[in-house]
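In full-length UniProt numbering, the protein residues as written are 1 to 285.
First up is the structure itself, then whatever we jot down about it.
And the structure:
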């Protein structure tokens with residue numbers, strides 16, 4: 001079964017996120033477990049943790065279909081040692097919050113070299129950061145999100161993802177979240193069913209589909225290979241819609257959270273229904 005949802009608000013407490021997901025007919029969701037633009041956060045209370053779990057059960061969404069996202073401030077490949085320590089501490093805290101909520105995934109952007117160190121050095125720092133976090137937590141998988149490659153962001157090449165995974169010691173607790181907008185903007189064609197098929201075959205060859213733990217489903221305002229991260233609604237933008245037909249009929253996407261981050265929240269329920277309408281439909285040739 002395909003598990004489609006959206007990155008919903010947790011305003012007022014994490015326990016509100018599953019209720020917001022339920023309102024749009026979601027079978028999965030993403031959330032921030034703390035303010036994503038602040039380093040510090042109040043600890044989760046026992047009341048909020050219990051209510052979160054109860055509300056997930058109420059709307060019929062299992063913990064394995066929830067995809068928390070870490071803070072945008074974290075850079076696990078930061079070239080400055082002090083800033084790197086701060087990012088690592090914040091990342092471990094994020095993983096611990098997932099543990100408390102009974103969630104098994106944490107989605108994050110890998111990091112940026114800030115034009116101060118070379119790419120492989122940055123990738124090694126990212127892997128070291130993941131290793132430290134996995135050593136200090138239990139039961140949470142680090143899910144690396146591919147990027148569009150803006151600025152000095154790492155993770156826009158499948159080879160970057162493969163290199164990080166190669167250096168992670170516990171490979172049972174590392175995976176990848178592919179974002180359709182980021183993938184397209186990074187130069188991987190998704191503009192037709194066959195193009196999407198070829199791109200996923202390339203991902204399988206370089207990284208391995210066994211590491212695909214989640215998807216972000218987004219249209220792209222930016223052109224193929226532009227390396228500009230600008231999300232659009234699913235049926236608008238430069239990428240077209242055949243990639244979504246491919247994903248809704250691909251065994252690799254079965255039972256993983258597939259989360260909308262499209263630009264118009266008012267369309268989320270409609271976009272979820274449209275995605276489900278693509279299941280079982282044949283490719284248009």
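The C-beta atom is built at its ideal place from N, Cα and C for all residues, glycine as well.
Original post:
Terminal residues of the continuous alpha helix (DSSP H) containing residue 124?
Top reply: 119 to 135
Subject >> Length-filtered (3 minimum) beta strand (DSSP E) runs lying within the stretch 189 to 277 >> reply: 212 to 217, 257 to 260
Original post:
Hey, is residue 3's beta-carbon within less than 8 Å of any beta-carbon in chain B?
Top reply: Given the protein chain composition of this structure (a single chain), no chain B is represented.
Original post:
Do the CB positions of residue 202 and residue 3 come within less than 8 Å of each other?
Top reply: no
**OP:** Within its chain, find whatever has a CB closer than 8 Å to the CB of residue 250; leave out the 5 residues flanking it on each side and keep chain order.
**Re:** 200
Subject >> Residue interval of the beta strand (DSSP E) (run including residue 153) >> reply: Taken as a continuous stretch (DSSP letters only), residue 153 belongs to no beta strand (DSSP E), as it is neither H nor E.
Original post:
Quick check: the stretch 82 to 99 against the stretch 22 to 34, are there 3 or more CB pairs under 8 Å?
Top reply: yes
Original post:
Mind checking residue 134: buried by the 16 CB within 10 Å criterion, or exposed?
Top reply: buried
Original post:
Can you tell me the Cα-Cα spacing of residue 205 and residue 211, whole angstroms?
Top reply: 12 Å
Original post:
Within this structure, are the beta carbons of residue 186 and residue 67 separated by less than 8 Å?
Top reply: no
Original post:
Using 8 Å as the threshold, is the stretch 71 to 83 in touch with the stretch 116 to 134, meaning 3 or more CB pairs across them?
Top reply: yes
Subject >> DSSP three-state assignment for residue 79, whether helix, strand or coil >> reply: coil
Subject >> Beta-carbon proximity list for residue 117, same chain, < 6 Å, skipping 5 on both sides >> reply: 79
Subject >> Local Cβ density within 10 Å of residue 37, reported as buried at 16 or more and exposed below that >> reply: exposed
Original post:
Are the beta-carbon atoms of residue 25 and residue 227 separated by less than 8 Å?
Top reply: no
**OP:** Hey, could you find the ends of the beta strand (DSSP E) residue 67 is sitting in?
**Re:** 66 to 68
Original post:
According to the Cβ coordinates, are residue 108 and residue 70 closer than 8 Å?
Top reply: yes
Subject >> Closest Cα partner of residue 103 within the set 139, 122, 178 >> reply: 139
Subject >> Test item: CB-CB of residue 240 and residue 191 under 8 Å >> reply: yes
Original post:
Alpha carbon to alpha carbon, what distance is there between residue 158 and residue 184?
Top reply: 12 Å
**OP:** Identify whether residue 178 lies in helix, strand or coil by the three-state DSSP scheme.
**Re:** strand
Subject >> Euclidean distance between Cα positions of residue 123 and residue 180 >> reply: 22 Å
Subject >> Span separating the alpha-carbon of residue 266 from that of residue 22 >> reply: 14 Å
**OP:** Identify whether residue 25 lies in helix, strand or coil by the three-state DSSP scheme.
**Re:** coil
**OP:** With DSSP collapsed to three states, give me the class of residue 30.
**Re:** strand
**OP:** Determine contact between the stretch 44 to 54 and the stretch 88 to 95, defined as no fewer than three beta-carbon pairs at a distance below 8 Å.
**Re:** no
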